[in-house]
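Protein chains in written order, with our numbering: chain A, 1 to 240; chain B, 241 to 480; chain C, 481 to 720; chain D, 721 to 960; chain E, 961 to 1200; chain F, 1201 to 1440; chain G, 1441 to 1680; chain H, 1681 to 1920.
What follows is a set of notes on a single structure, which appears directly below.
Number of protein chains: 8
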Amino acid sequence: MADLHPGEVVPEADLWLDLTRRRRTGVAEAVYAPGKSPAQCAEAVAGLLAGTDEGPVLLTRARPAQAAAALAETPGATCTAVCEDADGASLSILTWRALAPRKGCALILTAGTSDLPVAREAAAVLEAYGHGATVIADVGVAGLHRVLAQQERLAEADVVLVVAGMEGALASVVTGMTSAPVIAVPTSTGYGSGLEGVTSLLGMMASCSPGVSVVGIDNGFGAACAAVRVLAALGPEESR
Amino acid sequence: MADLHPGEVVPEADLWLDLTRRRRTGVAEAVYAPGKSPAQCAEAVAGLLAGTDEGPVLLTRARPAQAAAALAETPGATCTAVCEDADGASLSILTWRALAPRKGCALILTAGTSDLPVAREAAAVLEAYGHGATVIADVGVAGLHRVLAQQERLAEADVVLVVAGMEGALASVVTGMTSAPVIAVPTSTGYGSGLEGVTSLLGMMASCSPGVSVVGIDNGFGAACAAVRVLAALGPEESR
Amino acid sequence: MADLHPGEVVPEADLWLDLTRRRRTGVAEAVYAPGKSPAQCAEAVAGLLAGTDEGPVLLTRARPAQAAAALAETPGATCTAVCEDADGASLSILTWRALAPRKGCALILTAGTSDLPVAREAAAVLEAYGHGATVIADVGVAGLHRVLAQQERLAEADVVLVVAGMEGALASVVTGMTSAPVIAVPTSTGYGSGLEGVTSLLGMMASCSPGVSVVGIDNGFGAACAAVRVLAALGPEESR
Amino acid sequence: MADLHPGEVVPEADLWLDLTRRRRTGVAEAVYAPGKSPAQCAEAVAGLLAGTDEGPVLLTRARPAQAAAALAETPGATCTAVCEDADGASLSILTWRALAPRKGCALILTAGTSDLPVAREAAAVLEAYGHGATVIADVGVAGLHRVLAQQERLAEADVVLVVAGMEGALASVVTGMTSAPVIAVPTSTGYGSGLEGVTSLLGMMASCSPGVSVVGIDNGFGAACAAVRVLAALGPEESR
Amino acid sequence: MADLHPGEVVPEADLWLDLTRRRRTGVAEAVYAPGKSPAQCAEAVAGLLAGTDEGPVLLTRARPAQAAAALAETPGATCTAVCEDADGASLSILTWRALAPRKGCALILTAGTSDLPVAREAAAVLEAYGHGATVIADVGVAGLHRVLAQQERLAEADVVLVVAGMEGALASVVTGMTSAPVIAVPTSTGYGSGLEGVTSLLGMMASCSPGVSVVGIDNGFGAACAAVRVLAALGPEESR
Amino acid sequence: MADLHPGEVVPEADLWLDLTRRRRTGVAEAVYAPGKSPAQCAEAVAGLLAGTDEGPVLLTRARPAQAAAALAETPGATCTAVCEDADGASLSILTWRALAPRKGCALILTAGTSDLPVAREAAAVLEAYGHGATVIADVGVAGLHRVLAQQERLAEADVVLVVAGMEGALASVVTGMTSAPVIAVPTSTGYGSGLEGVTSLLGMMASCSPGVSVVGIDNGFGAACAAVRVLAALGPEESR
Amino acid sequence: MADLHPGEVVPEADLWLDLTRRRRTGVAEAVYAPGKSPAQCAEAVAGLLAGTDEGPVLLTRARPAQAAAALAETPGATCTAVCEDADGASLSILTWRALAPRKGCALILTAGTSDLPVAREAAAVLEAYGHGATVIADVGVAGLHRVLAQQERLAEADVVLVVAGMEGALASVVTGMTSAPVIAVPTSTGYGSGLEGVTSLLGMMASCSPGVSVVGIDNGFGAACAAVRVLAALGPEESR
Amino acid sequence: MADLHPGEVVPEADLWLDLTRRRRTGVAEAVYAPGKSPAQCAEAVAGLLAGTDEGPVLLTRARPAQAAAALAETPGATCTAVCEDADGASLSILTWRALAPRKGCALILTAGTSDLPVAREAAAVLEAYGHGATVIADVGVAGLHRVLAQQERLAEADVVLVVAGMEGALASVVTGMTSAPVIAVPTSTGYGSGLEGVTSLLGMMASCSPGVSVVGIDNGFGAACAAVRVLAALGPEESR
């Protein structure tokens, strides 16, 4: 079976889907649309749904044609618009078989308006896994009253996501205001000295507030996965 | 009031405008057009005008459609063309409710012609806040007589802005020629070894002339804000 | 009271201790010994103990003289040797008023032997806050059977810390093996291409395993703080 | 003959083809299509075929018009589609005068689907030189069972190529599983913290698994050349 | 006079002192002690005092032997201990001919205790030029109440210096709280992800708070020079 | 005359041309076309011709519309095609009032075909100043016989320019083969690990061959200017 | 057995030795001395010898006290001096149970004298595994005749290692001269623009000579391991 | 003769001296003392003197013991102190068989006092090759009158070396003031934002003054070699 067949390329139609990922890690493999044809997106979604018994299947950052192909093959997804790409086409995240609501709510804070797409992606992933997610935009530290006004929400949240570009200072400030786990997402928003997210990433890693941990630049999906791991400890019950 | 409403996204129509920023910091929040729809630009401008009693409201780096939408919603702005973007559309800065002229003049020097858009943006912001701003272009140190000819203007200026890409040497030279505060703006002009502004930024930070301070790459708006803070000390009277 | 007294330096004897940090964030301010005199270490520890009613006070990376001075001023600390510094003096972490054991156990995996000091610091902080911490050293991915043998421990852990230098691949592998929250700590071990931890940091941030989050280079203290936030959700009971 | 003729540019029609490269290094000069006109591609291919007696001539990363021009001038090539470029045009690798099959098989593993174009280019080069090449896609370490399932294939392979972006951890894991030479290719797939392949490159260089060696970012051609050098030691016989 | 005398090195005893710098720029040339022999320090100080009629002459970062030599040659300096260097020797800043007090007070905030040496150097320079300088240490954003408690002092200050290492977030927060000019100084304190001050430098440059400007890493002297330029606009009267 | 006229922008029609640059430095200011309108190009060329009595005026990297506008305003230029830009439009360098041939010949070697545009620009500038320039393409060190075959030309050349991307090794090899001054130009050709010219730049700076000096990435114009300075020492006579 | 025992640190005396590494990868785990106490070195060597039946055990970069402790515990090693460290103590590599000579010879070329320690370490590892290794020092490309004189040796070698700092150009030149596999080792020799090996690493990765592959900075051990994998294909017989 | 003798290390006593380098490149191989034992220094110097008929032999950056050993073996050198190293031992450059004076004078300008060691090394090399070299220290652009006063010397110089750390702006200014070839040397003086010479290197490469070329950080020897190549064109006669 594992003999070498020189010249063979494992056929793309047989993409090696990681069907046991949710059982192992709590979050199933998702289909990342960029770089895939509409047909490949549809096939991968269908394959994940067929190969697993339950739980969410996600198609992320899908352009309209990709979303349409996947929905034509497998109807019934929830579709959330995340942002427009450079050509003005909207990018969406689609969810099949979302989990029923369970315990654990996330508060997602963004420093600016341009951080919203990353925040929306994270929120959609959390909701697919049954967790509530509140997004509060535009609470950057240049006007400190905005984040100070979130004190009550911070006290209630089970996990906090901080999404910020530029210098990423919001992560340090928020981490000093709450005892909840804080997961920071550097974004590539801003220009020049922001170095496409590297400045924010380094700032969050070097934060003076102990207890913040960081995921990759613009990686809203990864931040949500980290949050789902944290919230799983709260148990299976309804959260609302 | 601050209850968690899972799934809620603070609606974009309610962008959390920082209405007290001018009172706190001397310069009001400005609307940065790139990445916003024409309608969002118009709405943000109108919201800032409505939410504050007086003082300038700025829309920066606006493409024609963004400028038109904002002007349709709220007529009466001064419009300054700053540059053309990659597609040949002009980018402008629009000012509503400019302050009356007051004390304090800025001299803005650029090393080359391609630094002019950053200089023009800084000048428009300074003028919106009632300060005179003279822009002198093309006085880079490759031909030292050009900046030496500015000695008289340097002596009269209350604050000096130096806008330069490539190696940014103009900042060191100017800082050695004047006792006025000098604010340097690295620009991403040039190519190759300029590393999109990083070379100029580092050079200005490591300047052998003590007393220069630096803002982010291409950040003409930020440099003007720093200058407004400096000039505020001169008092409220007319400057001309 | 807040009048400006020109020339005044807030006296060092009055170091502005953050006495409410544990109430706000779950983990109290710790005294970082490097760069402080033995007397300053002793004073800071005493000040934190006096200014708060309960909970751990930590002195981290203390050289023998610093540890001795703090213990002379305030006896009764638990002292854990962490590593030897370049001069052969041992560095220790000291704990006063450790919390009683409570729910929540951490598994700390290191890729190599030289990552142990960071792991030991993290373990000592977790134990000060009442959590169990098991350190398993030398399970780097060059010999995959070593980490595969930890499958059972990974299933039992409430949170996993992965401490690794070089390329940091252990974080990706472990994150794919467990549904527990995974906090990765890049270390500056290794030489040359490891770029003093930057290679490991970047690799962990770009991990192909969704759900891992990362703290700063060699920041075992910060990783433990993040873990304490996660474990707090499990409630106050004894864990053993 | 070598007199200086000022102003002369060695005419492009006479591109200085390296006609002895295969004799010297085992692999002939290949024509890299990007940046060449269709006519230049055709001319270079014809020139290499005419200037050498035997052995493969390759045209790499050719767009349809470049491939068509070369085939019109010199029919008889094998054409393998590698990927689509940003504009949706397919890029191909064309082979004239492939060698007869000989000893030595390569196993090419990719971490993700988006690494396939680099893997396919490497496979086509190996096959042009008479070596078998099996590509197994999507065995990234986030789901370790996928690469563990390749143990048998790894034992049979004469050389292993690992193609991976993001953090490149697959190279460390595979190198620990086989005694065959392992050549790693970092790819620019992924986004943000992957830094366009630099993160993967650094991670592979700093690998904790001794014995892996690395070629440049996205350099599938170079990896195949390194593999051909290794396989040449096995002698000239048929491999199948 | 300017003939070329091959082989001649302009003698070090004739160090080309910049005797007109204070007239040109408001701040005289200072003697930077590191790398100079005690005799060179003494000679440079004496030369600057002799070559100018009035105003401060400063010797910065002087080790005890350098300070002693300069004081032996030219008594009468004020000596301020700044920090201890790696060998435990104290570094000092010495001031001859300090100006009488004049208008303009600076508030210097540091994020941590280890930023104090940079803050003390800046304060000593400001005081040499007749300006009041209040240093408040340890108001980092991890405990936001500390900087919020400075609101009154911020309102009174004529210029604010923010000295911070790690992620440098204090600069963004303070700039949003005051309308005074804010000059930020990144420091090389911290370890690992702070990248010896580069993280803080980049974060301050990319700050979300418009109006902050930045000087080089650990450059307390440069920050003070920038502040002296700003304060000069307030006029010559006594400030207290 | 030098009074501050607030709001004034030195009119672009009056671009501050550096009319004495050739007298001071041997090479006149050139007009760099990118970013200028066709009208601005025409005006700048005309201004430089009018403002100086003799010597070359150059318009570099001109697109067809820019070249046409300048030629319409001022006929009589020599036009050399350099390369095609990303949109397929040819970029040219135009020369007005080229100097008569004089002593001094340059040999320009390129590592690959894609380095030719930079080489052609350098050649055109040298010829405008009366110097012979021979371009030999494709002598990269991967096939050492190609550069070894240039030994005779290297012995005759008065100055050598080495244009190379990728790792830039050709500069080290050539510098060890000749006693002529060698000026190296790193290019941004290549992809991935070439880091857009930074790898080549660093390699040339760290060259093991003493005596090579380096100009900026892709800066063929600067390299030619450096060569003109070197060749000027040979005197004014005809070189052919 | 795998139960969590909170607080337990897997005892250092039980360092998790990778006893099956040679069977899996062809090269056994080696003991890297830096950072280990003499006792730890001795224990690790003894453990590896006891835990495996045959084949080499290596102690690398051992200072005299470490070597002495290991030899006292387990006599019979071959000891090769590699270099002196910064304090003048010699660093050695010790080999127990070297393999009998077998087929396959390596040629190790260094660009300069200061690259010799890395070359010597690689040679000692190759000899421990039964392979011949010839080291030729000082054949850098600044004097091309030196490497050209190695043509005959290059033709005979089964694998070539190129050890070079500075710009690393030797790797490109050698790869163009031989059809043997070439493994390049960047070294941190040189200063300034060599960036402690990063310049050489990048240059080797971006080499214009297809077929070179690269290991980490100063990683002579890793290069030898890669070479052992390549040479293993030649079979088990004596090589001399 | 070139047979492989496995295990052979070309004996260090037979260091492969590049005896034809002066004939090929105009400047002979020099002995770089750091990292060599006193005996190796003496042997290398003697070998170069014996292996060549005439022309200078140089020993650079020699500590007292290295200089003494070389002088004991081969008396008669000129010895120039360059600087003191970190331990207070003076570093010298020694010259045997200096050339008689010939045409061509260099002017060496430094921005600050701490750039003098690099300038002195360059001057000593130039003088060994018979060229006059005038060093003018401390003409940095912070006080522009200092470099402006060199106008006459600049007009007389045949080649100009600019040695500068920090932001390296002196190179741009000087290049605009002279038509002589300008060779810039970035130095690692300064601290923090100077990034150990990288800031200066990048600034010089991106200079707005066309015609400057750059050598490696602190590479005074390389700059002198480049200058010797330039001056050779002036012919062999006495220069004074």
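Here a beta-carbon is modelled for each residue, glycine too, at the ideal position from N, C-alpha and C.
Predicted model only: the values in this text are computed from it and were never measured.
Check                                                                                                                                                               : Outcome
Could you compute how far the alpha carbon of ALA947 (chain D) sits from the alpha carbon of LEU650 (chain C)?                                                      : 27 Å
Strictly by DSSP, which residues pair up with ALA904 (chain D)?                                                                                                     : D:VAL882, D:VAL934
At a CB-CB cut-off below 9 Å, which residues of chain C make contact with THR199 (chain A)?                                                                         : Within chain C, no residue comes near THR199 (chain A); the closest Cβ sits about 14 Å away, beyond 9 Å.
Just grab the DSSP bridge partners of TRP1296 (chain F) for me.                                                                                                     : F:VAL1257
Tell me, please, whether the CB atom of GLY1435 (chain F) is closer than 8 Å to any CB atom in chain G?                                                             : no
With a threshold of 16 other CB atoms inside 10 Å of the CB of GLY1915 (chain H), please say whether the residue is buried or exposed.                              : exposed
Taking the alpha carbon of ALA831 (chain D) as the point to measure from, which residue in D:ALA877, D:LEU915, D:ALA904, D:THR800 has its own alpha carbon closest? : D:ALA904
Starting from the beta carbon of MET646 (chain C), find every residue of chain A whose beta carbon is closer than 7 Å, and list them in chain order.                : Those within 7 Å of MET646 (chain C) in chain A number zero; the least Cβ separation is about 18 Å.
Return no unless some Cβ of chain C is closer than 8 Å to the Cβ of ILE1657 (chain G).                                                                              : yes
List, in order along the chain, the chain B residues whose C-beta lies closer than 8 Å to that of TYR191 (chain A)?                                                 : ILE457, ASP458
With a 10 Å radius around its C-beta and 16 neighbouring C-beta atoms as the bar for buried, classify ARG685 (chain D) as buried or exposed.                        : Because chain D is modelled from 721 through 960, residue 685 (chain D) falls outside the range shown and cannot be assessed.
What number of angstroms, rounded off, separates the C-alpha of HIS611 (chain C) from the C-alpha of ARG709 (chain C)?                                              : 11 Å
If I measure Cβ to Cβ from GLY1784 (chain H) and keep anything under 6 Å in the same chain, skipping five residues before and after, which residues do I get?       : HIS1811, ASP1838, LEU1911, LEU1914, SER1919
Beta-carbon of VAL1821 (chain H) versus every beta-carbon of chain B: anything under 8 Å?                                                                           : yes
Would you please state the rounded distance, in angstroms, between the beta carbons of VAL365 (chain B) and LEU298 (chain B)? I believe it to be under 8 Å.         : 7 Å
Between which two residues does the beta strand (DSSP E) containing CYS1905 (chain H) stretch?                                                                      : First-last for CYS1905 (chain H): 1900-1912, but that is the alpha helix (DSSP H), not the beta strand (DSSP E).
What's the gap between the Cα of PRO1024 (chain E) and the Cα of LEU1051 (chain E)?                                                                                 : 7 Å
State yes or no: is the beta carbon of GLY727 (chain D) nearer than 8 Å to at least one beta carbon in chain C?                                                     : Here GLY727 (chain D) scores only 46 on pLDDT, less than 50, and its place in the model should not be relied on; the value that follows carries that caveat. So no, GLY727 (chain D) is outside the interface.
List the residues of chain D whose Cβ lies closer than 7 Å to the Cβ of ARG21 (chain A), in chain order.                                                            : GLY863
Going by C-alpha distance, which of F:ALA1270, F:GLU1254, F:ALA1262, F:GLN1350 is nearest VAL1245 (chain F)?                                                        : F:ALA1270
Between SER114 (chain A) and chain B, is there a C-beta pair that is closer than 8 Å?                                                                               : yes
Contact criterion: CB-CB distance below 8 Å. Does SER1413 (chain F) meet it with respect to chain H?                                                                : yes
Between LEU1787 (chain H) and chain B, is there a C-beta pair that is closer than 8 Å?                                                                              : no
Between the region 1473-1483 of chain G and the region 912-920 of chain D, do three or more beta carbon pairs fall short of 8 Å?                                    : no
Would you grab the beta carbon distance between ALA1603 (chain G) and LEU1534 (chain G) for me? Rounded to a whole angstrom, and I think it's under 8 Å.            : Note that residue 1603 (chain G) is Val in the sequence shown here, rather than Ala. Between LEU1534 (chain G) and VAL1603 (chain G) the Cβ distance is about 21 Å, and since that is not below 8 Å, they are no contact.
Are the C-beta atoms of VAL893 (chain D) and some chain C residue less than 8 Å apart?                                                                              : yes
How close, in whole Å, do the beta carbons of VAL1815 (chain H) and ARG1800 (chain H) come, if the pair is a contact with beta carbons under 8 Å?                   : 7 Å
What's the call for ARG301 (chain B), buried or exposed, on a 16-neighbour Cβ count within 10 Å?                                                                    : buried
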